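**Student:** I have a structure here, written as structure tokens, and I will follow up with some questions on it.
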Amino acid sequence: MFDHPANTYRNFRAKYISIARKHNFRTAYYILEKDKETFNLDPRDYVGLLSELIFLENHHDDLDLDPTLDASSHADYRGSYNNVSARFDVTSNLEFKNLEDYEPMQRKGRPYYIVIVNHERKEIDRIIDINIPFCETCGGRLINTVVVENVSFTLQGTPTQTERIVKVCSNDLSHNSDYESYQYFVPTMEEEKHYLYENYHEEPDFLQKKLDELPTKYGIDHSKFFSKKLDDKIHACAQDVFRVTDRDGNGYTETVLFWTTDLVENIYPQEFGELL
Numbered sequence: 417m418f419d420h421p422a423n424t425y426r427n428f429r430a431k432y433i434s435i436a437r438k439h440n441f442r443t444a445y446y447i448l449e450k451d452k453e454t455f456n457l458d459p460r461d462y463v464g465l466l467s468e469l470i471f472l473e474n475h476h477d478d479l480d481l482d483p484t485l486d487a488s489s490h491a492d493y494r495g496s497y498n499n500v501s502a503r504f505d506v507t508s509n510l511e512f513k514n515l516e517d518y519e520p521m522q523r524k525g526r527p528y529y530i531v532i533v534n535h536e537r538k539e540i541d542r543i544i545d546i547n548i549p550f551c552e553t554c555g556g557r558l559i560n561t562v563v564v565e566n567v568s569f570t571l572q573g574t575p576t577q578t579e580r581i582v583k584v585c586s587n588d589l590s591h592n593s594d595y596e597s598y599q600y601f602v603p604t605m606e607e608e609k610h611y612l613y614e615n616y617h618e619e620p621d622f623l624q625k626k627l628d629e630l631p632t633k634y635g636i637d638h639s640k641f642f643s644k645k646l647d648d649k650i651h652a653c654a655q656d657v658f659r660v661t662d663r664d665g666n667g668y669t670e671t672v673l674f675w676t677t678d679l680v681e682n683i684y685p686q687e688f689g690e691l692l
């Protein structure tokens, strides 16, 4: 009798988890490798089973993990994260994940996290928080975004700068709302670029490498810093940029995105054509 592939996968998973719990994970990995050859496991199934075992081995106690049975829930395990009930989707490749897949369950108030597994080290690379609230008006995502304004100067010549936290609606910018604002003078990417051009113009390959790394470096630094200040997750960073439109130097200033967390880039406008 034909068995659905999803049932076959669940049966294999139950087998390895049972072996790991009754004996040890080394034995479970060994049996998985044997079954890979004996049953000619689909490569995607093998990768999925290995990823789930690695996650369970690393966090079965501290996250209180239990395997889920419902394939439609887009979760491999139930557990607890930061003392809150949560669901975990385990993968080794984020390219196959989409925020929209989790929306039906998240709208019911169930927190979700995506777990990225490193097979070579049998470790967890990171656990991604994808619990971005929904806009009450249109149902889009409200993405906490740090907007770094241009540097200005006081009458005494002291540089000053404002960083605003804006809840940006992924569907309709008119639904945006200001969350918080701070005044910290932080070096801009333009200043860093100027420094790099001045000091490494004779090393073009190294210069380009550093320039390519700048948005990610600044984004992660800003996200960490303002997440702590805000006590909430920052998912994107943007800056105000002046666009020259004619030879006289006239133009306009708009807000331009330069960094997002994983998956958010798929639902976020890269340029707004206006100031946030």
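Residue numbers (my numbering): 417 to 692.
Ideal placement from N, C-alpha and C gives every residue a C-beta, glycine not left out.
In this text, all values refer to a predicted model and were calculated from it rather than measured experimentally.
#1: With which residues is SER508 paired in a DSSP beta bridge?
#2: Grab me the residues of TYR518's own chain with a C-beta within less than 8 angstroms of its C-beta, minus the 5 sequence neighbours each way, in chain order.
#3: Can you give me the C-alpha to C-alpha distance between ARG494 and LEU481, rounded to a whole angstrom?
#4: Take the Cβ of TYR432 as the centre, count every other Cβ of all protein chains shown within 10 Å, and call the residue buried at 16 or more, exposed below.
#5: Around the Cβ of ARG503, are there at least 16 other Cβ atoms within 10 angstroms (buried) or fewer (exposed)?
#6: Can you tell me where the alpha helix (DSSP H) holding TYR600 begins and where it ends?
#7: Rounded to the nearest angstrom, what separates GLU614 and PHE642 at their Cα positions?
#8: Counting only runs that start and end within the stretch 471–551, where is the alpha helix (DSSP H) found for 4 or more residues in a row?
#9: My output table needs one value for PRO575: the three-state DSSP class, helix, strand or coil.
#10: Would you please state the rounded distance, in angstroms, between the beta carbons of ILE543 and VAL584? I believe it to be under 8 angstroms.
#11: For my contact list, THR671 and LEU692 are in at a C-beta cut-off of 8 angstroms; report their separation, rounded to the angstrom.
**Tutor:** The short version:
#1: Its beta-bridge partners do not exist; DSSP assigns none.
#2: HIS490, ASP505, TYR528 and ILE546
#3: 6 angstroms
#4: buried
#5: Per the 10 Å Cβ criterion, buried.
#6: No alpha helix (DSSP H) holds TYR600; DSSP gives it neither H nor E.
#7: 30 angstroms
#8: Entirely contained in the stretch 471–551, the alpha helix (DSSP H) runs reaching 4 residues are, in chain order, 519–522.
#9: strand
#10: Separation of the CB atoms of ILE543 and VAL584 is rounded to 24 angstroms, and the pair is thereby denied contact status at 8 angstroms.
#11: 4 angstroms
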